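Okay, so here's the structure we're looking at.
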Amino acid sequence: MEDVQTIAIKGLKGSGRQEILQHKLATIGIQIKTSHGNWLTLSGLSQINAKYLLDEALHALNMTRLDEASQILIYRTQSWIELELDKLIQQPIAWNELKLCSTELGTSANQLDALFLIVEGVSFEKYLNLQRVDKVKELLVYTDWPLPFLAERMGYESVQQMAGHLIRETGLPVTHFRALHQDRQRLRQEVKAIQALSTR
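Residue numbers for the sequence shown follow full-length UniProt numbering, so the first one is 1 and each next one is one higher.
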């Protein structure tokens, strides 16, 4: 049975760094199966000295493995965010999610924020705001909700605040995502028309 392990790597962010690491690991028999941000799922760690060789390869590239306790804390935090996301993003933007999360997980807000900077490359607040933006994009494309309702539901004070946040984070206006919604609606109607013709 293949030994597969997911670990967080400090220093992985940056142009081409994962590809360089992938090449270096391949030379020692370790393969990157999947990656998400600074999280890598690796195989080939069951060989003798694999962890030592991994650490040496990382060190040569100015990278390190995040310690296990920190990895667990980040994983628990991301799981908590996933479970609580709908509630969190409905709160006003100024609401202190970091303090709530750190209290729920029994850690300090400073430690949690520092870990997010290391693992995700952004602060906890920025990570949560990116989750909020992803949800806004999803709702713009997949629902007919009026913009004022959507903005309020997502914790924004106004449509303008939501639109400005969307542009800052994606470079795209609200109209882009609403156009995608209209395209989806149009395709759905075309499919229904074709299905109606084929049943005649």
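Yeah, the Cβ is synthetic: ideal placement off N, Cα and C, and Gly gets one too.
None of the values given here were measured: they were computed from a predicted structure.
Residue i, enclosing alpha helix (DSSP H) - first and last residue
i, result
"Trp80", "Glu68 to Ile89"
"Thr170", "Val159 to Thr170"
"Arg188", "Val174 to Ser198"
"residue 220", "Residue numbering for the chain in the displayed model covers 1 to 200; residue 220 lies beyond these limits and cannot be assessed."
"Asn110", "Ala109 to Val119"
"Leu147", "Leu147 to Arg153"
"Leu105", "Glu97 to Leu105"
Residue i and residue j closer than 8 Å at C-beta
i, j, result
"Gly37", "Glu125", "no"
"Pro173", "Ala163", "yes"
"Ile74", "Leu40", "no"
"Lys10", "Ile167", "no"
"Ile81", "Leu115", "no"
"Leu140", "Arg186", "no"
"Arg132", "Ile194", "no"
For residue i: DSSP bridge partner residues
i, result
"Thr6", "Thr41"
Simplified DSSP state of residue i, which is helix, strand or coil
i, result
"Met1", "Unreliable placement is indicated for Met1, whose pLDDT of 48 sits below 50; no coordinate value is reported for it."
"Thr64", "strand"
"Tyr52", "helix"
"Leu58", "helix"
"Gly11", "coil"
Next on the checklist: Which complete alpha helix (DSSP H) runs does the segment 14 to 50 hold, if anything under 4 residues is left out?
Outcome noted: 17 to 26
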